[in-house]
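Chemist: No gaps in the numbering here: position 829 of the sequence shown is 828 in numbering that gives the first Met the number 0, and each next residue is one more.
Ideal placement from N, C-alpha and C gives every residue a C-beta, glycine not left out.
Model, not experiment: these values are computed from the prediction.
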Amino acid sequence: MKKLSSSQIRQMYLDFFKEKGHTVEPSASLVPVDDPTLLWINSGVATMKKYFDGRVVPENPRLTSSQKSIRTNDIENVGKTARHQTLFEMLGNFSVGDYFKKEAIPWAWEFLTSPKWMAFAADKLYITVYPEDKLAKQIWKETGVKPAHIIEDEDNFWDIGEGPSGPDSEIFYDRGQEFNNVATDDPENYPGGENERYLEVWNIVFSEFNHKPDGSYEPLPHKNIDTGMGLERLVSVVQGAKTNFETDLFLPIIHATEKMSDAKVYGKDEQDDVSFKVIADHSRAVTFAIGDGALPSNEGRGYVLRRLIRRATVHGKKLGINEPFLYKLVPVVGKIMESYYPEILQQSDYIAKIIKSEEDRFNNTLTDGLKLLDKEITTAKKQQPAILSGAAAFKLFDTYGFPFDLTKEYAGDEGLAVDEAGFNAEMKKQKEHARAARSQDNGMGVQSGLLLDVKTTSKFIGWDHLSKDQATLAVIVANDQIVDQVTTGTAELIFDETPFYAEMGGQVADQGVIQNEAGQVVAVVTDVQHAPNGQNLHTVDVKAPLKKGEHYQLKVDQDFRRKVSLNHTATHLLDQALRDVLGEHVRQAGSLVEPDYLRFDFTHSGQTTAAELAQIEQIINEKIWAALPISWVVTDIESAKKLGAIALFTEKYGKEVRVVSIGDYSKEFDGGTHAKNTAELGLFKITGETGTGAGIRRIEAVTSKAAYSFLNEREQWLQQAATELKTTQLKTVPTKVVQLQEQLRDANKQIESLQAKSAQQQASDVFKNVQEINGTSIIAEQVKVSDMKQLRQLADDWKQKAASDVLVLGTVIGAKVNLIAAVSPAGIKAGLKAGDLIKAIAPKVGGGGGGRPDMAQAGGKNPAGLQDALKASTEFLQG
Numbered sequence: 000m001k002k003l004s005s006s007q008i009r010q011m012y013l014d015f016f017k018e019k020g021h022t023v024e025p026s027a028s029l030v031p032v033d034d035p036t037l038l039w040i041n042s043g044v045a046t047m048k049k050y051f052d053g054r055v056v057p058e059n060p061r062l063t064s065s066q067k068s069i070r071t072n073d074i075e076n077v078g079k080t081a082r083h084q085t086l087f088e089m090l091g092n093f094s095v096g097d098y099f100k101k102e103a104i105p106w107a108w109e110f111l112t113s114p115k116w117m118a119f120a121a122d123k124l125y126i127t128v129y130p131e132d133k134l135a136k137q138i139w140k141e142t143g144v145k146p147a148h149i150i151e152d153e154d155n156f157w158d159i160g161e162g163p164s165g166p167d168s169e170i171f172y173d174r175g176q177e178f179n180n181v182a183t184d185d186p187e188n189y190p191g192g193e194n195e196r197y198l199e200v201w202n203i204v205f206s207e208f209n210h211k212p213d214g215s216y217e218p219l220p221h222k223n224i225d226t227g228m229g230l231e232r233l234v235s236v237v238q239g240a241k242t243n244f245e246t247d248l249f250l251p252i253i254h255a256t257e258k259m260s261d262a263k264v265y266g267k268d269e270q271d272d273v274s275f276k277v278i279a280d281h282s283r284a285v286t287f288a289i290g291d292g293a294l295p296s297n298e299g300r301g302y303v304l305r306r307l308i309r310r311a312t313v314h315g316k317k318l319g320i321n322e323p324f325l326y327k328l329v330p331v332v333g334k335i336m337e338s339y340y341p342e343i344l345q346q347s348d349y350i351a352k353i354i355k356s357e358e359d360r361f362n363n364t365l366t367d368g369l370k371l372l373d374k375e376i377t378t379a380k381k382q383q384p385a386i387l388s389g390a391a392a393f394k395l396f397d398t399y400g401f402p403f404d405l406t407k408e409y410a411g412d413e414g415l416a417v418d419e420a421g422f423n424a425e426m427k428k429q430k431e432h433a434r435a436a437r438s439q440d441n442g443m444g445v446q447s448g449l450l451l452d453v454k455t456t457s458k459f460i461g462w463d464h465l466s467k468d469q470a471t472l473a474v475i476v477a478n479d480q481i482v483d484q485v486t487t488g489t490a491e492l493i494f495d496e497t498p499f500y501a502e503m504g505g506q507v508a509d510q511g512v513i514q515n516e517a518g519q520v521v522a523v524v525t526d527v528q529h530a531p532n533g534q535n536l537h538t539v540d541v542k543a544p545l546k547k548g549e550h551y552q553l554k555v556d557q558d559f560r561r562k563v564s565l566n567h568t569a570t571h572l573l574d575q576a577l578r579d580v581l582g583e584h585v586r587q588a589g590s591l592v593e594p595d596y597l598r599f600d601f602t603h604s605g606q607t608t609a610a611e612l613a614q615i616e617q618i619i620n621e622k623i624w625a626a627l628p629i630s631w632v633v634t635d636i637e638s639a640k641k642l643g644a645i646a647l648f649t650e651k652y653g654k655e656v657r658v659v660s661i662g663d664y665s666k667e668f669d670g671g672t673h674a675k676n677t678a679e680l681g682l683f684k685i686t687g688e689t690g691t692g693a694g695i696r697r698i699e700a701v702t703s704k705a706a707y708s709f710l711n712e713r714e715q716w717l718q719q720a721a722t723e724l725k726t727t728q729l730k731t732v733p734t735k736v737v738q739l740q741e742q743l744r745d746a747n748k749q750i751e752s753l754q755a756k757s758a759q760q761q762a763s764d765v766f767k768n769v770q771e772i773n774g775t776s777i778i779a780e781q782v783k784v785s786d787m788k789q790l791r792q793l794a795d796d797w798k799q800k801a802a803s804d805v806l807v808l809g810t811v812i813g814a815k816v817n818l819i820a821a822v823s824p825a826g827i828k829a830g831l832k833a834g835d836l837i838k839a840i841a842p843k844v845g846g847g848g849g850g851r852p853d854m855a856q857a858g859g860k861n862p863a864g865l866q867d868a869l870k871a872s873t874e875f876l877q878g
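#1: Quick check: residue 243 and residue 227, are their CB atoms within less than 9 Å of each other?
#2: Under 8 Å by Cβ, that's how I've got residue 527 and residue 501 pegged, so tell me the actual separation to the nearest angstrom.
#3: Mind reading off the beta-carbon distance from residue 816 to residue 865? Whole number of angstroms is fine, and I expect it under 8 Å.
#4: State the Cα-Cα distance for the pair residue 453 and residue 120, rounded to the nearest angstrom.
#5: So does the segment 577–588 actually touch the segment 702–722, counting three or more Cβ pairs closer than 8 Å?
#6: Report yes if the CB atom of residue 939 is closer than 9 Å to the CB atom of residue 85, and no otherwise.
#7: Assign residue 606 to buried or exposed, taking buried as 16 or more other Cβ atoms, counted over all protein chains shown, within 10 Å of its Cβ.
#8: Would you decide whether residue 632 is buried or exposed? Buried here means 16 or more other CB atoms lie within 10 Å of its CB.
#9: Within the same chain, show all residues whose beta-carbon is closer than 6 Å to that of residue 599, passing over the 5 residues directly before and after it, in chain order.
#10: Starting from residue 61 and walking both ways along the beta strand (DSSP E), at which residues does that stretch end?
#11: Smallest Cα separation from residue 309: which of 507, 751, 74, 494?
#12: Within 10 angstroms of the Cβ of residue 162, are there 16 or more other Cβ atoms? Answer buried if so, exposed if not.
#13: Is the Cβ-Cβ distance between residue 153 and residue 130 less than 9 Å?
#14: Short check: CB of residue 923 to CB of residue 857, under 9 Å?
#15: Distance check for residue 39 and residue 57, CA to CA, integer angstroms please.
#16: According to DSSP, is residue 600 helix, strand or coil?
#17: Would you say the segment 466–474 touches the segment 540–550, given that touching needs at least three Cβ pairs under 8 Å?
#18: Just how far apart, CA to CA, sit residue 342 and residue 290?
#19: Figure out for me which residue from 373, 278, 293, 340 has the closest Cα to the Cα of residue 326.
#20: Starting from the Cα of residue 192, find the closest Cα among 151, 669, 664, 641 and give me that residue.
#21: Please go through the same chain and pick out, in chain order, the residues whose beta-carbon is closer than 7 Å to the beta-carbon of residue 519, but skip the five residues on each side of it.
#22: Do the CB positions of residue 68 and residue 43 come within less than 9 Å of each other?
#23: Exposed or buried, which one is residue 303 when buried takes at least 16 other CB atoms within 10 Å?
#24: If you follow the alpha helix (DSSP H) that residue 398 is part of, which residue opens it and which one closes it?
#25: Given this structure, state the Cα-to-Cα distance separating residue 705 from residue 595, to the nearest angstrom.
#26: Locate the alpha helix (DSSP H) running through residue 794, then write down its first and last residues.
#27: Considering only C-alpha positions, which residue in the set 568, 59, 623, 83 is nearest to residue 70?
#28: Hey, quick one: how far does the beta strand (DSSP E) through residue 210 stretch, first residue to last?
#29: Figure out for me which residue from 177, 292, 101 has the closest Cα to the Cα of residue 902.
#30: Skipping 5 residues on each side, what residues in its chain have a beta carbon closer than 8 Å to that of residue 774?
#31: Quick one: is residue 427 buried, meaning 16 or more other Cβ sit within 10 Å of its Cβ, or exposed?
#32: Using a Cβ-Cβ cut-off of 6 Å (strictly less than) and excluding sequence neighbours within five positions of residue 561, which residues of its own chain qualify?
#33: Between the segment 58–66 and the segment 89–96, can you find at least three pairs of beta-carbon atoms closer than 8 Å?
#34: If we ignore side chains and look at the alpha-carbon of each, how far apart do residue 450 and residue 512 end up?
#35: On the DSSP bridge list, what partners appear for residue 529?
#36: What first and last residue would you give for the beta strand (DSSP E) that runs through residue 695?
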């Protein structure tokens, strides 16, 4: 076995499969795009779903990647086990309807055992197979694996619900009994058992069945290969590490943490080691997640980030680190991963800023959490048995970020146990709630072969032409079948050439009509999407018969296209202006380009201020007025990057890309339509800015005629306001409004003064009506006041005058009743409580309430019951 670094292993794997004709796919963003079933990208195959379920046919059916992934279903185990990670890399090779078992199996063996590659000793490797997969077992034997090293296992069938599924083979490496955590004669001491000796390093899934919605299985139209090999595990084997954490992927982070800790050293104390591992793991996860646009929050993936940061912070305190420190580890993570993920170091200042802000915020929360924990411990000690409730432990976990084991440790120091079953029950409730909030479909969708085999070429000519006279109708799909003709209803059409733009990158599809050679409209185009093999697939409402092979005239709605193109150009200007004003951390997180408006989502940690929006608007309009030329070139990806073009991290690109340039101001990878000059936009106006989720902001805007209409409408509103304010000049409207506000404030002060005088007069009258009941004095009266505030003022006056032991006042305001009850210190000493009194009388007015022993209030919807409520207050004193 060769001694290799993690970077060398990753590159060796990708190089191996590149030699086998695979395209190396870049590691996609951890934040899923257009996939509501996933919170995070959690595997290599998660980025390949569109290929495997047949929605898209890749340019090359052979693909390979090293995909960063996050899994958070068992965060509590991180640091306690040898191989639990939240962030990990999954090495994978994939075949989409191309090669299958007879290629995938020998290649896996070659990569692991060949002296040119990993050079593992063959006798150290064991294979598990699905018992019914006789072909895989035979191929493993023919590849050179000893029969005794091939083990049948019923669990070797990969199935996640609807969609592709099939048997799999797992490859295990025998690290020797010295690495094991079970005895030699333990029944789990075998490849595939629960032990540390035989380490699974690779799983090859032979995806050959469709798992249908009814639960049955049918052969896939195209069989696939889906493999996964955890880089961290493989590195631990190659570097002879006991766990993943003693590798070059984690040790630099651990050593950096040692330097910040209170003289703690990794490897000296088991509990300290858990904290070091948690910090090393979580620092990697939050660094990469924030780098990909996620931000801490109280929901979704933002909540996961917040929880990871807080858990790492708590473990830092256990190591004696009592100040923000996690942010200091960002450049350490970046340096480790620099060879394949240079963007981490490039963004390290921004990532560190976000993490430090979250650490600072948690320090205050942590103090509050410790106060709550002390309070709960004091309460628990008074109970029998003395046990801290599961609900309290969960609140500490959910609200303050305290891991359960930390709460358990604190409680144990006080001689208390913790209701772990109660905690788990609360945790289960939360997970069920979270699952209910997301789509339950975690599969890929059932693969359809209808259009997979349609290889008919279809050329898009819409860059330069908005009509096509002699387009040949090549494919007709109606009622989920490929047919030769269609006479009515909805159909999907593919032509040999088309000017119709297919929806892509946020830009909506063209609309228009299809005419026959006689000029008759035979279909209305309502949508255009890309078919699996890339052709433009036109969805149409059929108005007259259409036949395969005949010629038709295709006409794009020119006004619709022009408006969309203007707004698309505006999104490019907006994208660059946002970076200019807010910072280079801004990334596009989605867009929608319609003819009447544009919508642009972007990553940003705070609300965009009015001043920033004004600056962004100004920049864009200056670029419009500068009449910048818009041009584009088609080139290869590397040349495009050398031009300085910006690529969206959410998109995958082919061998050739289109780069759109707006003067010298903006260069972006792009496949949409645009104006020829920025002057065509005329005007740009932001119409709204909102938050759409954790760390995601949305700007909506208009251009050209729509921008003029937007501003004109607001001018009309301003003119109407001027008329109402009796001013002839619009510029004086703000001054007039300020004057009116000042007059209103003065009038309100006078009203409040009069109301106060009225209340004082009522008080002098009301406080004379004192009743004596069983030695307790009470005032129970209806008063006329304007709101609850004045009712409380009367109660305060009563308190100062000590007019009685008990006070009950009621008032009717509109159709509602307000009640207030107060008890003097002497009354409280005698056992009376205002809260008990208000609860007893509130039902008389059809309401409820409560409060402190000295003051309570209530509301109700039955004014007719007010006198009964006042009477009930005297009866309350009678017992």
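Modeler: Let's see:
#1: no
#2: 4 Å
#3: 6 Å
#4: 46 Å
#5: no
#6: Since the displayed the chain opens at 0 and closes at 878, residue 939 lies outside it and no answer follows.
#7: exposed
#8: exposed
#9: 570, 573, 590, 698
#10: 61–69
#11: 74
#12: buried
#13: yes
#14: Nothing about residue 923 can be read from this structure; the chain reaches only from 0 to 878.
#15: 23 Å
#16: strand
#17: yes
#18: 8 Å
#19: 278
#20: 151
#21: 543
#22: yes
#23: buried
#24: 389–399
#25: 7 Å
#26: 787–800
#27: 83
#28: 197–210
#29: Because the chain here runs from 0 to 878, residue 902 falls outside it and cannot be looked at.
#30: none
#31: exposed
#32: none
#33: yes
#34: 24 Å
#35: 535
#36: 695–702
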